[in-house]
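Numbering (the numbering used here), first residue to last: 155 to 276.
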Amino acid sequence: MTSPKTATVLPQLINYAKQLRDTEDWAPFRPGVTAHWLYKEENNGPAAVLLRYEPGARVALHEHVGYEHLFVLEGDQFDEYGDYPEGCFVINPPGTAHSPGSRGGCVALLIYEKPVRFVETD
């Protein structure tokens, strides 16, 4: 998937994510985590994705090569540094690493400056 050639406007992002919840518009990302890509540039460029975590799912340890912006739209997320309830916004700068998960399940918007580099496998 590449970036759209015109603006993408999602005036009710939380409602958009809720409407997607039970559709087939999600692709496997990691065990227990599915992705709905809003855009994804080629050649290690920026990307935006909605990630849907099943309860108890966790993503393997990875390092941020560029900035990652995370907004928890629904549910909860956590990592080695804290707990992030619905409505929480987190900025992970380049050079940081974590293995995020969700106890009760969540949907989060992630915007990557560059793709992450996985340190561990699932």
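Beta carbons are placed, not taken as given, at the ideal position from N, Cα and C, and that holds for glycine.
(request) Examine the Cβ distances between the region 202-211 and the region 262-269 and report whether three or more of them are shorter than 8 angstroms. (result) Flag = yes, the region 202-211 and the region 262-269 touch.
(request) Just mark Ala-211 as buried or exposed, buried being the case when its beta carbon has 16 or more other beta carbons within 10 Å. (result) Note on Ala-211: 16 or more other CB atoms within 10 angstroms of its CB, so buried under the neighbour-count rule.
(request) Can you grab the Cα-Cα spacing for the pair Glu-196 / Pro-269, in whole Å? (result) Going by C-alpha positions, Glu-196 is about 10 angstroms away from Pro-269.
(message) I'd like to check one pair, Val-261 with Ala-171: are the Cβ atoms closer than 9 angstroms?
(response) The Cβ atoms of Ala-171 and Val-261 lie closer than 9 angstroms to each other.
(request) Kindly list the residues whose CB is nearer than 7 angstroms to the CB of Phe-272, restricted to its own chain and excluding five residues on each side of it in sequence; keep chain order. (result) Closer than 7 angstroms at the Cβ level, and outside the excluded window around Phe-272, lie Ala-214 and His-216.
(message) Checking 9 angstroms against the spacing of the C-beta atoms, do Arg-206 and Val-187 come in under that value?
(response) At the C-beta level, Arg-206 and Val-187 come within 9 angstroms of one another.
(request) Give the range of the alpha helix (DSSP H) segment to which Lys-172 is assigned. (result) Per DSSP, Lys-172 belongs to the alpha helix (DSSP H) from 167-174.
(message) Just verifying my parser: in three-state terms, what is the DSSP assignment at His-223?
(response) If DSSP states are grouped into helix, strand and coil, His-223 belongs with the strands.
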